[in-house]
Amino acid sequence: MSVEPRLVEVRKNVLKQNDIVARSLREKFRAAGVFVVSLVSSPGAGKTAFLEITLTVLHRHARVAALVGDLATENDAARLARSNAPVKQITTGTVCHLDASMVQKALEGWDLKQLDFLFIENVGNLVCPSSYDLGEDLRLVLLSVTEGEDKPLKYPTIFNSADVAVITKADLAGAVEFAESAARHNVQAVRPGMEIFKVSAKTGEGMVQYLEFLERSRMRSRAIPVV
Amino acid sequence: MHELSIAVSIVDLAAEEAAARGYREVHAVHLRLGPLSGVVKEALLASYEMASASTSLEGSELLIEEVPVEIFCPRCQQRRRVLSIQHLSCPECGALEGQVVQGKELEVVALEIQE
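From first to last, the protein sequence lines stand for chains S and G.
Quick note: the first sequence, position 38, residue 38 per the working numbering, numbers continuous.
Each number in the working numbering corresponds to the 1-based position in the second sequence with 227 added.
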């Protein structure tokens, strides 16, 4: 006698393992008092140059460190090390994104209490990183003026998963006839209410406003009691 | 392209859930998928066969239910389905303060099993 197959309810998040690790990281970051910022963008949007100037300026008065995800090379870590902040490379091999366990492993042996800011530079990719929570307080999505104003419409999911948008390479805006208002409009369409900064790592334009925002965000997060 | 690793997670999760309940065979896995999960349906379906090969789920089917993006608009005090994932403002009043309440799903909701 054959028995008909039947349906059994399960209801489980496929990425629950990542979410569990991300939650435990977030608790650890909170308890240590470190504010964690991750960066996502397409390859070549200027994440490393932007992060290098961020680390260099913040390092003057705050304790900063960075984790850098890259598929194969350690070039980015070497560049960031010029800021004199501690930098660790996460080489992902063929994996196109960072996940929470990679971050957890990279932080083994680090005393997070000695840090005010930790930056996590994701692999250059506007698709895959959107699915993975890394336990960060703030996710920045970078969009360079050379990429075109419609990037947010082409990759709405990553923009939606981020908290703040940063328009980079502002010094090139004129040369590439970057339509800033269209870009801002597109960001708002896919992530209504999102805060946007426009910066140039080369000239320093917009960096003060952005760094002040980071400092305010860190203060605000500290004011919220750990639950 | 991270769908293969997602497919492996689905297979692991389904195998684990089936084993915990003492079921021998899984015919199909029912998945709810939102467009804001960052996972592409076609790529996931293509990866599933590869991910399930040589596991207890070999030969099983992945059935995907796509769920639309919905926001809760604080101005209308209503749940609204958005026009597209390129337009997440309220489709009725245009408010930008809506919170996404559905559309990020990536969850196994049920297993079709043979006892």
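Beta carbons are placed, not taken as given, at the ideal position from N, Cα and C, and that holds for glycine.
For R191 (chain S), the nearest beta carbon of chain G is closer than 8 Å to its own beta carbon. Here I196 (chain S) carries a strand assignment [DSSP, helix/strand/coil].
Listed in chain order, the beta strand (DSSP E) elements of length 3 or more contained wholly in the segment 37 to 109 of chain S are 64 to 70, 87 to 91. DSSP places A255 (chain G) in the strand class (E or B) of the three-state scheme. Secondary structure remark: continuous alpha helix (DSSP H) runs of at least 4 residues inside the segment 268 to 328 of chain G, in chain order: 268 to 279. The continuous beta strand (DSSP E) containing R6 (chain S) extends over residues 6 to 13. What V127 (chain S) touches in chain G, judged by beta-carbon distance under 9 Å, is M228, H229, G265, V267, going in chain order.
A residue is called buried when at least 16 other Cβ atoms come within 10 angstroms of its Cβ; V14 (chain S) meets this threshold and is buried. Taking a contact to require three or more Cβ pairs closer than 8 Å, the segment 75 to 95 of chain S and the segment 4 to 11 of chain S do not qualify as touching. As the crow flies, the alpha-carbon of T54 (chain S) is around 43 Å from that of V336 (chain G).
Taking a cut-off of 8 Å on C-beta distances, the segment 123 to 140 of chain S does not touch the segment 168 to 183 of chain S, as fewer than three cross pairs fall below it.
Beta-bridge analysis with DSSP links A337 (chain G) to S:E9, G:H257.
Chain-ordered, the chain S residues with CB closer than 8 Å to the CB of R248 (chain G) read V8. Between L153 (chain S) and V37 (chain S), the C-beta spacing is not below 8 Å. With fewer than 16 other Cβ atoms from the protein chains shown falling within 10 Å of its own Cβ, R60 (chain S) counts as exposed. For R218 (chain S), no beta strand (DSSP E) run applies; the uninterrupted alpha helix (DSSP H) run containing it begins and ends at 207 to 223, by DSSP.
L15 (chain S) has a beta carbon lying within less than 8 Å of a beta carbon in chain G.
Residues of chain S with a Cβ closer than 9 Å to the Cβ of I233 (chain G) are, in chain order, V14, L15, S131. Under the DSSP assignment, T168 (chain S) falls in the beta strand (DSSP E) whose first and last residues are 164 to 168.
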